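A short worksheet on the structure shown next.
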Amino acid sequence: MTVPINRVAILGAGRVGTSIARTLVDAGYEVTLAGSGRPANVEMIAAFTAPGASARWAHEATADADLVILALPLHRLSSVNPVVLAGKLVIDAMNYWPPVDGTIAAFEDAPAGSSVVVRELLGISHLVKTFNHTGYHDLEPDRRPAGHPERLGMAVAGDVAQDVALVAELINRIGYEPVALDRLEHGQQLQPGTPLFGARPTADDIRRSVTSSVVHSA
Amino acid sequence: MSNPSDRNQLPSRPPEPRISDPAPGGLHFGIGTFAFQYDDATGTPVPGAQVLRDVVDEAVAAERAGLDSFGIAEHYRRGMMDSAGPVVLAAIASRTETLRLGTAVTVLSTQDPVRVFNEFATLDAVSSGRAQMIVGRGSAIESFPLFGYDLAQYEELFDEKVDLLMRLLRDQPVTWSGRFRTALTEQVLEPQVSAGAIPVWVGVGGSPQSVVRAARFGLPLMFGIIGGSLSRFAALSRLYREASAEFGQVEQPIGMHVHGYIADTEEEAVERFWPVWSAVMNAEAPKRGWAPYRRERFDAEVAAGSLLVGSAETVAQRIAAGMQLVGASRFDFVAAASRMPHHDKKESIERFGTDVAPRVRALMMQPAEAATR
Numbered sequence: 001m002t003v004p005i006n007r008v009a010i011l012g013a014g015r016v017g018t019s020i021a022r023t024l025v026d027a028g029y030e031v032t033l034a035g036s037g038r039p040a041n042v043e044m045i046a047a048f049t050a051p052g053a054s055a056r057w058a059h060e061a062t063a064d065a066d067l068v069i070l071a072l073p074l075h076r077l078s079s080v081n082p083v084v085l086a087g088k089l090v091i092d093a094m095n096y097w098p099p100v101d102g103t104i105a106a107f108e109d110a111p112a113g114s115s116v117v118v119r120e121l122l123g124i125s126h127l128v129k130t131f132n133h134t135g136y137h138d139l140e141p142d143r144r145p146a147g148h149p150e151r152l153g154m155a156v157a158g159d160v161a162q163d164v165a166l167v168a169e170l171i172n173r174i175g176y177e178p179v180a181l182d183r184l185e186h187g188q189q190l191q192p193g194t195p196l197f198g199a200r201p202t203a204d205d206i207r208r209s210v211t212s213s214v215v216h217s218a
Numbered sequence: 001m002s003n004p005s006d007r008n009q010l011p012s013r014p015p016e017p018r019i020s021d022p023a024p025g026g027l028h029f030g031i032g033t034f035a036f037q038y039d040d041a042t043g044t045p046v047p048g049a050q051v052l053r054d055v056v057d058e059a060v061a062a063e064r065a066g067l068d069s070f071g072i073a074e075h076y077r078r079g080m081m082d083s084a085g086p087v088v089l090a091a092i093a094s095r096t097e098t099l100r101l102g103t104a105v106t107v108l109s110t111q112d113p114v115r116v117f118n119e120f121a122t123l124d125a126v127s128s129g130r131a132q133m134i135v136g137r138g139s140a141i142e143s144f145p146l147f148g149y150d151l152a153q154y155e156e157l158f159d160e161k162v163d164l165l166m167r168l169l170r171d172q173p174v175t176w177s178g179r180f181r182t183a184l185t186e187q188v189l190e191p192q193v194s195a196g197a198i199p200v201w202v203g204v205g206g207s208p209q210s211v212v213r214a215a216r217f218g219l220p221l222m223f224g225i226i227g228g229s230l231s232r233f234a235a236l237s238r239l240y241r242e243a244s245a246e247f248g249q250v251e252q253p254i255g256m257h258v259h260g261y262i263a264d265t266e267e268e269a270v271e272r273f274w275p276v277w278s279a280v281m282n283a284e285a286p287k288r289g290w291a292p293y294r295r296e297r298f299d300a301e302v303a304a305g306s307l308l309v310g311s312a313e314t315v316a317q318r319i320a321a322g323m324q325l326v327g328a329s330r331f332d333f334v335a336a337a338s339r340m341p342h343h344d345k346k347e348s349i350e351r352f353g354t355d356v357a358p359r360v361r362a363l364m365m366q367p368a369e370a371a372t373r
């Protein structure tokens, strides 16, 4: 998993998935969207809301992807076939957000955070949490190039340093200052109800807020 | 028989074309309200019964100010009185002549479409044909546990219930079966309404799938906009048009439902709206796990986002530009989604009807002027 990321498959063609798709297309990535419906429906959605992204079935989109982004409602996670994620680098952009989406039994008791539960449910090893603490309608307008005085931060949490570094570079390329967190369970500090959630923080805000060790700023 | 669980399937019978409101080339300006309890001058909460009578009074003011419609939301939480919209709308019907009476939104996923038909057909009768509704999920979720539904089945519930409601409105007698209610056989409901007479809009918050769903049902589309740039709805609007054509549906109008406040000057509007709006947002923030709502976010929304706060001229310019960008012909101004006192809400509604809506109409006739904004 040392090849740089080029092809990205996004599972979920809703508000979050299409917002992420637009930022990735802008940054030069090859993006494929897969939704809950037929590719023809998703293709129409992609054509208007994420021009430049293509649409395929999830198993096709993930087959040759360097990175898969989970951007579907958490209660639809069971619709993802874990087989298509085997060995893949995966981003969890989802949130467990009961006041908005209702309760889900598997996530009610998640002492290590929702992403750790996602990783267990899918049985995968290369999971990184990012994007989740940013509002989908802030994601594009808040992008700024490196060195810009108003550049905001984006936390990237994962257990495998190489995975975190690869995703941090992607975050950097789309227009945010990545702040690497060296444990997936530190993603708890990015969840709904935390000071960072929806707060449009700078990288320094994230570093100050996150109580865990921050390995490096990529 | 319907198969609502297959979300890719067209309704089994194509809907009848109907006269849309607004008609092609026409414009429609309405009010949305939430019936929040508010405090009187001494800081004491005004009784809920009074809040509802105030809503009726605000609707009367909306008609007098020349507006086309008045829509009430649906919530089941402390401090909000909009739990039985059609009853309030019937009271408004008895005091108005021309105002269209609707909802924004009817949380159809947790209601029985048969009951909804009964209520709105009755409202349509007592108001001499003025009932309408916007159906959608809304952003609150209390109705799901309250009425015993699973939020995880939101899409399936919505698809099935829209399907049944539209059958009841378009082609009775109805023979129907689904997952979530008793089957119907050659069912006729009273009072009858002529096919397609009650406009049903689909309210969406920006989800592309919801836009495609509205197109598939052949229903007009209302964007409920609560944050961010209005321009991001332009792409969804094009998606809706394309999907409607793809599904062979009649072209339907697009509307926008946006929050705001109007006063004499920009400064006055901002300073009067900030306390009530931030109070609502910050009451929600801990419940929803949002970060606190800060003044800089408010100022950004007022300057270039989706809060229409300012003088009548400023608000009119922004509405006209937004409607042209999105291709909308209906605009619902949400003048009361806060604990703002009745008097201030009513005044904002009056300003919207008397000063803003006519100005937007004029601006929409001069695309170049609005487009430069």
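Chains Z and Y, in that order, give the protein sequences. Heads up: the first sequence runs through residues 1 to 218, numbered per UniProt numbering. Heads up: the second sequence runs through residues 1 to 373, numbered per UniProt numbering. By construction, the Cβ of each residue, glycine as well, lies at the ideal position given by its N, Cα and C atoms. None of these values were measured; they are calculated from a predicted model.
Other residues of its chain near residue i: CB distance less than 7 Å, five sequence neighbours each side excluded
i	result
Ser231/Y	Leu325
Asp40/Y	Val46
Ile171/Z	Thr130, Met154, Val156 and Pro178
Pro191/Y	Ala121, Thr122 and Ala125
Arg167/Y	Val174 and Trp176
Ala146/Z	Asn172
Gly79/Y	Phe36 and Gln37
Tyr149/Y	Ser109, Thr110 and Leu157
Pro111/Z	none
His126/Z	Met1, Lys88, Leu89, Val90, Val160 and Asp163
Arg200/Z	Asp138, Asp142 and Leu152
Check whether residue i and residue j have beta carbons under 7 Å apart
i	j	result
Leu72/Z	Val116/Z	no
Leu307/Y	His257/Y	no
Ile349/Y	Ala140/Y	no
Pro86/Y	Glu119/Y	yes
Gly52/Z	Val80/Z	no
Leu85/Z	Ile124/Z	yes
Phe197/Z	Ala35/Y	no
Gln187/Y	Pro173/Y	yes
Ala357/Y	Ile254/Y	no
Asp163/Z	Val118/Z	no
Gly30/Y	Ser69/Y	yes
Leu152/Z	Tyr176/Z	yes
Thr110/Y	Phe147/Y	yes
Lys162/Y	Gly138/Y	Correcting the residue type first, residue 162/Y is Val in the shown sequence and not Lys. No.
Ser311/Y	Thr354/Y	no
Ser244/Y	Ala215/Y	yes
Gln37/Y	Val56/Y	no
Leu99/Y	Arg361/Y	no
Gly178/Y	Glu160/Y	yes
Val309/Y	Ala269/Y	yes
Ile92/Y	Asp82/Y	no
Cβ shell of residue i (< 6 Å), same chain only, five flanking positions each side left out
i	result
Ala50/Z	Thr18, Ala21 and Arg22
Ala55/Z	Leu33, Pro39, Val42, Glu43 and Ala46
Gly224/Y	Gly203, Gly205 and His257
Gln189/Z	Val210
Arg359/Y	Ala316
Ala234/Y	Leu325 and Val326
Arg77/Y	Glu142
Ala320/Y	Val360, Leu363, Met364 and Ala370
Residue closest to residue i, alpha-carbon to alpha-carbon, out of the options
i	options	result
Ala47/Z	Glu271/Y, Leu236/Y and Pro24/Y	Leu236/Y
Met133/Y	Ala316/Y, Ala104/Y, Ser127/Y and Asp159/Y	Ala104/Y
Pro261/Y	Tyr293/Y, Ala335/Y and Arg130/Y	With the sequence shown as reference, residue 261/Y is identified as Tyr, and Pro is not the correct amino acid for it. Comparing Cα-Cα distances from Tyr261/Y to each of Tyr293/Y, Ala335/Y and Arg130/Y, the minimum goes to Ala335/Y.
Phe117/Y	Val193/Y, Ser338/Y and Phe29/Y	Val193/Y
Val8/Z	Leu152/Z, Arg15/Z, Leu77/Z and Val90/Z	Val90/Z
Glu60/Z	Gly113/Z, Ala93/Z, Val83/Z and Arg76/Z	Val83/Z
Pro145/Y	Asp299/Y, His75/Y, Ala49/Y and Leu52/Y	His75/Y
Gly28/Z	Gly158/Z, His148/Z, Ala161/Z and Ile174/Z	Ile174/Z
Asp344/Y	Asp150/Y, Val88/Y, Val276/Y and Ala303/Y	Val276/Y
Val280/Y	Leu101/Y, Ala73/Y and Ala337/Y	Ala337/Y
His148/Z	Ala63/Z, Gly37/Z and Thr202/Z	Thr202/Z
Leu101/Y	Thr314/Y, Arg238/Y and Val200/Y	Val200/Y
Thr194/Z	Glu30/Z, Arg15/Z, Gly37/Z and Asn95/Z	Asn95/Z
Cβ shell of residue i (< 8 Å), same chain only, five flanking positions each side left out
i	result
Glu150/Z	Arg144
Met365/Y	none
Gln252/Y	Ser20, Gly218, Leu219, Pro220, Leu221 and Ser244
Anticipated Cβ contact below 8 Å, residue i with residue j, distance rounded
i	j	result
Ala59/Y	Gly129/Y	About 17 Å; that fails the 8 Å criterion.
Leu70/Z	Ile5/Z	Leu70/Z to Ile5/Z, Cβ: 15 Å. No contact.
Gly32/Y	Asp332/Y	5 Å
Gly289/Y	Trp97/Z	7 Å
Would you call the region 199-212 of chain Z in contact with the region 215-235 of chain Y, where contact means no fewer than 3 C-beta pairs closer than 8 Å?
no
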